[in-house]
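Below is one structure, written out as structure tokens; comments come after it.
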Amino acid sequence: MAEVSLHAITRRFGPTEVLRGIDLEIADGSFTVIVGPSGCGKSTLLRILAGLDAPTSGSLHIAGRDVTGLEPAERRIAMVFQNYSLYPHMSVRENMAFPLRSLRMGRAERAAAIDRAADILRIGDLLDRKPAHLSGGQRQRVAIGRAIVREPSVFLFDEPLSNLDAALRGQMRVELAELHRQLGTTMVYVTHDQVEAMTMAERIVVLNGGRVEQVGAPMDLYRSPATRFVAGFIGQPPMNLLQATVVRADVAHVVAMIGANQHIEAAVDGRGLAPGEAISIGVRPDDLAVVAQGGIPVRLSVLERLGPQTVVHARTEGGAALSAVVAGDTELAPGDRVGLFAPADRVHVFASSGQALPRPPRPAL
Amino acid sequence: MAEVSLHAITRRFGPTEVLRGIDLEIADGSFTVIVGPSGCGKSTLLRILAGLDAPTSGSLHIAGRDVTGLEPAERRIAMVFQNYSLYPHMSVRENMAFPLRSLRMGRAERAAAIDRAADILRIGDLLDRKPAHLSGGQRQRVAIGRAIVREPSVFLFDEPLSNLDAALRGQMRVELAELHRQLGTTMVYVTHDQVEAMTMAERIVVLNGGRVEQVGAPMDLYRSPATRFVAGFIGQPPMNLLQATVVRADVAHVVAMIGANQHIEAAVDGRGLAPGEAISIGVRPDDLAVVAQGGIPVRLSVLERLGPQTVVHARTEGGAALSAVVAGDTELAPGDRVGLFAPADRVHVFASSGQALPRPPRPAL
Amino acid sequence: MSEIRSTRAPGPRGRVPISDNDHAPARPRSQSRWKTWGPALLFLLPAIVGLLVFRLIPIGWAFALSFTNWRIFNDIEWVGLANYAHILTSPVSREVLGNTLWFTAMYVPGVMVVSVTLAVLLNNSLRSSAFFRGAFFLPYITATVAVTLAWRWIFSTRFGLLNHLLAQVDIDRIAWLADPAWALPAVAIVSVWKDAGFYMILLIAGLQTIDPGVYEAARIDGARAFRRFYAITLPLLSRSLFFVLILALVRSTQTFEITYALTNGGPNRASTTLAFYIYQNAFVHFEMGYASALAYVLCFVIGLITLLNFHLRRRWVHE
Amino acid sequence: MSDTLRRAPALIALYVVLLAYACVTLMPFAWMLITSFKESRDVFRLPPSFVPTLLYGPDPLANYTEVLTQHDFLLYFRNSFFVSTMAALGQVATCALAGYAFARMELPGKNAIFALILATAFVPTEVTIIPEFLLMRQLGWIDSFLPLIVPSFLVGSFGTFMLREYFASLPAEYGEAARIDGAGPWRIFWRIYLPLARPALISIFVIAFINNWDELLRPLLYLNSPELRTVPLGLMRFVGEFEAEWTLLMAGSVASTLPLILIYVLGQKYVLQGFAGGGVKG
Amino acid sequence: QETTLTYMLWSTDQAEIEAGAIAAFEAANPGVTVEVQAMPPSDYWPRVSALAASGDLPDVMAMSSGFVQEWAAAGNLMDLAPLIGDTSLEGYFESAVEIGQIDGAQVAFPQNWVAPVLYYNRTAFDAAGLEYPDADWTWDDFRTAAEALTIDADGDGTPEQYGYWVYGRYAQTDPWVFRNGGRFVNEDGTALEINDEAVNALAFLASIVDDGFAPRPLELEGIRQQDVFGMGLAAMWVDGSWNIDNNRALIGDSFEWGIAQVPMGPDATPETAVAYAWADMLAVTTDSAQTDLAWALVQHLTGPTLTAADFTGGKVPAWSATAMSEEWLGRGQQPDNMELILEIGAQPLYTGFTPNWSAWRGYAAAGSGGLNGELDEVFNGRKSLEDALAAATAYGNDILSR
Ligand SMILES: Nc1ncnc2c1ncn2[C@@H]1O[C@H](COP(=O)(O)OP(=O)(O)OP(=O)(O)O)[C@@H](O)[C@H]1O
Ligand SMILES: Nc1ncnc2c1ncn2[C@@H]1O[C@H](COP(=O)(O)OP(=O)(O)OP(=O)(O)O)[C@@H](O)[C@H]1O
Ligand SMILES: O=P(O)(O)OC[C@H](O)CO
Ligand SMILES: [Mg+2]
Ligand SMILES: [Mg+2]
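Residue numbers (the working numbering), protein chains in the order written: chain Y, 35 to 399; chain G, 35 to 399; chain X, 21 to 339; chain V, 379 to 660; chain E, 38 to 439.
Here is the structure:
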């Protein structure tokens, strides 16, 4: 019942165009994460969805209704802010009652709605506290509580977890995902943290410089980034990206040179490329294997031992930084010279425009 | 030349004892991370090291010299604060010159020191900006620059990365580790983020409630946590901890019951335990395998797909939360019923006191 | 909408142009403009009415009067610029103007130094600080006339407390209130005494917005107390200092109650400042036209000084 | 500062300075207090004496009882209290509305209005008071509290400035959250921002109350009826044609300062916060 | 029918004193209520000025000799002559009534009058073996007495008792000037023209100070000037007779004192040596709509209604019968020669008031400036008399010419 669709939305602040024509369909009941670097226009987009800001041009429909000119309150949306924006002088209960009062809901009805929301979020015993006496995670939950009491048809989240510490962030991610399953309401979630995008989203919208770079399911973006930007942005540790020049290219292969005389092969459709052309080569750290012989020769600089896996940071002879993920612990030490090898079907190639080259067409047997 | 040693340091604020007797030896040139939950006294300890605060009792030596009563400036230390504490009215250059002026260094010498530091940290082109016009990561670097110009013999860091976003935090972790390699100076680093502790430390000091819980290399703490607290604190996703009762225990095995009729076996020296005793069972998510048959039966709730690995969150029939790490992507979906299996030599057992039970003694062949 | 923006939006606060055209979203014009402007206008209505009726009307009226020789109980006679011309040529008004500048030169630095010192000394968590703040604020709230009488007693030449104390260190009696060299300084002393507590409160408030971490960083960096004060505190307090400076400047040109009760402008005009002279002309001699002209000269002087300060502001105030 | 404070000698030096200056600030007040406990003829004894002679007599509070009972001072206190409270409340209300609008609402030309409000504070009262008087007469407000209350009710430069800064320093997100929650401009102001500005509102109330309490010129010009007299007018009764009744004047002054001290002590905590959040920034 | 008369005066004490008389007036005129407003002089004048500006002056207002000319010139004061008609004014001091006449119009009517006198400390005179001052005293006699009365018993260079006490105020210096035939202003009061007799009188006073027989005013700064004599710091003093009350309160019975006329100057003849006195008056304003009733009130408050007890200190009732009553003469109190003031009032009077007198003479809140301020400079030894008078003349003429 509450799909959201944006048509050619632009937003200008004075001379700068912050959103440059956004077309987007958000399915009813989906969990969509809008991700992108700081300043790319995520918040602006979300605020336009909320009605806190209006687009310079373009139109916006929620549940089939044109809401472009409507007040936030008329859109049946709720929003959770990065810093929670709980009303500091009101108790948790009053915070949650605030939107209900606007709806002129009766006292008993209000109490019931609050209890229901408190139940879902397990904050029943906090109802009489002021926000100042809550921990970060509790505040987060209350902010969500304030959003859900109104039973909106779309939830908007603007980096709701970025003020929490790592452990809590991990925990709240899971809780939010569970909440979405429970409520089934459309959720639009803005973050600059690709880990959040990857772990929570059903669909990710990657925004860059006011434009949509790619839309897709998390693993699709991870495996098949459409552009160099998406490739570098999605995945932690980030994809290794190297400058290279084309040596050979055909419909199923590209061989490129990185650094002096070091070749690397990628299984992509290289038909658009000419030898000598400048391209970028991308390899995910977990697609790089540490090998004693062969591969790209590197010298290890830093090892990050996380327990279940170790991230190996290294530099090529040319000085370029590369990282690889090794499962579990490792005997390797900084200063070691090893090779890093990537299978050709895991190597990505990006044209100088930034566009990814597609995998070769299935051989028509 | 600059080892740090603390003897029986205590600190009381009014009635509350924040540090309860800390003995610690920090080796010259080492990178030591002090980690612990919020409020455990980490900052207090670091401030005592810096001379910003004085211990209620105990003594402190740096490079063999008793510095307990000395002013911060007399200790040859430098400190980087969580919120950077850059002088907001001074340019980057002036910020870095500030400590040098205290040393009555000449103009030319000062300029040289600043250029050197700026070089190391790649902030040469920021020197004339004010802190307000720097991004978070740049500020962080300037704060470090201000610390290194003085060539202190000990660096103190108080959660220097916690104000940065995830991607930047990852990047700065590596940079700091590289900086340590480059300078070789003793570094004491305080954080509540165990990922930072794991990835950066040569030695980790786990602090809890004003006491040292465990000191050791990161992987030692990861593999052999001395207490239930350390076990739960170190590792991301955190170790699964379950309430259990002892069924059988001997020198090499403990069999315990978790939930109704569900048994689990651990290869530990269970000689101190009596059947029926309450214990905690701990299993790291990456030590749990998802199996179709056997293991602990669970129902999957949330899947976090990170790319190289997927974190599977599940609930047992008794309602306890368990998580497991699966390499790469997976076909599993929320709602699936599977089993989770842990090999006995990866299962940890904690007595009700919180102490870990040791692995069984090597059989004397 | 322009000022309602994300806290993370970059750019110095308050610099965003107010004109709506720049970034206001394209909305159906007339209707939604009034939707935003209407409430704003209602909110401002009391202030606008007050400004018009109780400020601008009397001010405009007084300005018109400055071109007359109105003596309140007389008929009004238009005299053109005669009042202004007289002010510029009369030796008395030159003397009074000189006194005003001299008073400002004593009062403003004096009150700033004292209030900054007090603020710095009291910007801590000592339990006794609240008491001292109260004690230092007390002069600001005690009735000027009554307390100035106490000061007359302190300044008394022969039987005064101050000269008595000075005698202990072998300093000769000073006729504080009757010596042309000392009368204005005496007025300045009492004025500083009376106002310092108020500015102190403003400055403590300013100090409390300084991140204490900066001081810790400075200690680590080896800066001793004095250097921390002039290299950290002063620059970081500069916004407050500027605010206090403007307040003090305006006040220095407007104090007359203390002069009235302490020296009556004497001896022989030595402590007559412009504000007191305006008061004399307005309410003793009832030369309302002349007093109004004097007031506008005063406004001009204050305005000039204030503009100059705003001009110099960039040099020493750190945003 | 804490490092200096850790050392005993520095702490002692600090206290010496503070106590010395406290003597300077308290001395004149102490003199007022002592004089208020003297008999008239002891006031100008030579050499001056610190002995509050009345305290040794049968009726130590003689001056105070005379002031309070024989001179209708209780009435004056009531009047002053009413006038100061109303004027201060009004000022808080207007400044809050205007400061909020200046900080958070959109209106063409609002900055010009703001500048005008600030600039008009620079014009000395002495010259505008007579035109103001003629204006009040036109309004028919002479011999009522209206001229004392309404103008400060409607304009307060300092307060408007401070509240503008204060409201600007509060996060815009509260208002946005409230808009999403369906609140209109008034409700956002009334239920969200106004309660949050409490420290600033209290500090403006305190300052406005003090200023109005001390006001002499306006009551003098506007009030005729004895039953409308305010405390400063009442005090002026002790300043006679040839003589001042010093002891009564001092007793009255001390008594009239007490409410201000009380207001300050009650508001002290907020005054600092209010200024810190408002115009005054480090 | 009911009417209200408004009446304003500059002394709250006086208002209390008159309360009875007012009540009597109301009783005698049924339906009339008198609304009284009193305030100190510093507040009174701004207040009535504002009322004048708005045309709201009270029916009856207290009027000072110093301001009467300006107020009359501005047309605020009603000419009482038509109201007086043939009513006999015989009971009043004639010269006091004349002070309220300007250009033939009776714009104000006296309630009381005052004159400066020479106060002297009889106990000190006795101790020094001096004769008390009398009508034949010359300035030389005065100087001799001042010298003899200046006593520095402990020899620290600062006399504990001075012979005399003076500063630049009109009531302290101008009696000497006028008693020497001196004048500050020209005939019609349009310009300052300080004549030689005036200069000589002021030079004489300055020499008393310079010779150390009177303290420099700056020495005694911080002590109220009217307390100096009463505190025993000076044995002689010239000031208005209104100070008698203050002296009584301050001196009690700590010493004996008396009053005398200010000695006649060497340059004067009995014709030119005028007495200096002025009156506190009541005026009916031109804003009054009930002038008959107002005049009735003025008559009531200036005539025999008020008793001697209603006049503080040396204020002389304008109704001469009251003044000459035993009660006013205050038998049994110090000074024992109050009739001296009445003698002064019988002499030809001169006030020297002009429009803007307060500004050029230096009066009230402008008291530190004008001639007053310049003379203080002279007495403080910081300026020559010549320079001071030149400056005062320039300043005064600037004011009078505007
Ligand atoms: N009210 C405004 N006035 C002017 N510029 C603005 C305004 N709001 C946003 N911008 C600009 O628009 C751009 C996009 O801002 P936006 O807040 O949408 O970024 P974001 O993607 O949310 O970044 P972040 O991750 O840092 O929150 C920024 O360059 C910002 O400076
Ligand atoms: N100056 C102080 N006065 C009183 N209590 C204090 C003071 N400083 C710290 N504490 C208390 O000491 C305890 C430890 O504080 P500390 O700042 O060392 O914790 P932390 O481990 O650094 O926590 P976090 O991770 O939140 O920074 C806390 O309970 C804190 O409230
Ligand atoms: O000079 P003052 O102020 O003491 O007053 C004297 C009176 O005007 C006498 O009428
Ligand atoms: Mg954003
Ligand atoms: Mg800390």
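Ideal placement from N, C-alpha and C gives every residue a C-beta, glycine not left out.
{"query": "Own chain partners of R339 of chain Y with C-beta closer than 7 Å, once the 5 adjacent residues on each side are dropped", "result": "D363"}
{"query": "Ligand 1 heavy atom lying under 7 Å from the CB of F263 of chain Y", "result": "no"}
{"query": "Reference G218 of chain G; option with closest CA among G:A390, G:P186, G:A166, G:V101", "result": "G:P186"}
{"query": "Contacts that H338 of chain X makes with chain G (C-beta to C-beta distance below 8 Å)", "result": "P122, H123"}
{"query": "Contact check, A348 of chain G vs L374 of chain G, beta carbons under 8 Å", "result": "yes"}
{"query": "Residues whose Cβ lies closer than 5 Å to any heavy atom of ligand 2, in chain order", "result": "G:F47, G:V52, G:S72, G:G73, G:C74, G:G75, G:K76, G:S77, G:T78, G:H226"}
{"query": "Closer than 7 Å at the beta carbon, the chain G residues around Y256 of chain Y", "result": "G341"}
{"query": "CA nearest to the CA of V321 of chain X, picked from X:E277, X:T273, X:I278", "result": "X:T273"}
{"query": "In chain order, each beta strand (DSSP E) run of at least 3 residues that lies wholly inside the stretch 548-590 of chain V", "result": "none"}
{"query": "The stretch 45-52 of chain Y touching the stretch 78-97 of chain Y, judged by at least three CB pairs closer than 8 Å", "result": "yes"}
{"query": "Exposure label - R75 of chain X; buried when at least 16 CB within 10 Å", "result": "buried"}
{"query": "Stretch-stretch touch, CB-based, cutoff 8 Å, three pairs: the stretch 615-635 of chain V with the stretch 98-106 of chain E", "result": "no"}
{"query": "Status (buried if at least 16 other CB within 10 Å, exposed otherwise) for Y169 of chain E", "result": "exposed"}
{"query": "Sub-8 Å separation of V140 of chain X and T326 of chain X beta-carbons", "result": "no"}
{"query": "Residues of the stretch 239-268 of chain X whose Cβ lies closer than 7 Å to any Cβ of chain G, in chain order", "result": "R239, I240, D241, G242, A243, I252, P255, L256"}
{"query": "Chain X within 8 Å of M221 of chain G, Cβ atoms only", "result": "no"}
{"query": "G204 of chain Y in three-state terms, based on DSSP", "result": "helix"}
{"query": "Sheet register partners of E51 of chain Y (DSSP bridge)", "result": "Y:R46"}
{"query": "E209 of chain Y CB to nearest heavy atom of ligand 4 below 7 Å", "result": "no"}
{"query": "Alpha carbon of S386 of chain Y to alpha carbon of G652 of chain V, nearest angstrom", "result": "57 Å"}
{"query": "Burial state of W336 of chain X, where buried means 16 or more other Cβ atoms lie within 10 Å", "result": "exposed"}
{"query": "Whether G382 of chain E touches A172 of chain E by CB criterion (8 Å)", "result": "no"}
{"query": "Below-8 Å beta-carbon distance, R334 of chain X vs any chain G residue", "result": "no"}
{"query": "Residue-chain proximity (Y552 of chain V, chain Y), Cβ-Cβ < 8 Å", "result": "yes"}
{"query": "Runs of beta strand (DSSP E) lying entirely within the stretch 162-223 of chain E, each at least 3 residues, in chain order", "result": "none"}
{"query": "Simplified DSSP state of A29 of chain X, which is helix, strand or coil", "result": "Interpretation of A29 of chain X is limited by its pLDDT of 32, a score under 50 that renders its predicted location unreliable; the figure taken from the coordinates is listed afterwards. Coil, per DSSP."}
{"query": "Selection of the stretch 195-217 of chain X by Cβ proximity to chain E, strictly under 8 Å", "result": "A195, W196, L197, A198, D199, P200"}
{"query": "Separation of V609 of chain V from P455 of chain V, as counted between CA atoms", "result": "Per the sequence shown, the amino acid found at residue 455 of chain V is Phe instead of Pro. C-alpha separation (whole angstroms): 6 Å."}
{"query": "Where T109 of chain X falls, given that 16 or more other Cβ within 10 Å makes a residue buried", "result": "exposed"}
{"query": "Contacts around L433 of chain V, its chain only, beta-carbon distance under 6 Å, and the 5 residues preceding and following it disregarded", "result": "F415"}
{"query": "Minimum C-alpha distance to V67 of chain G - residue among G:M221, G:G310, G:I330, G:I111", "result": "G:M221"}
{"query": "Unbroken alpha helix (DSSP H) run spanning M514 of chain V, endpoints", "result": "503-517"}
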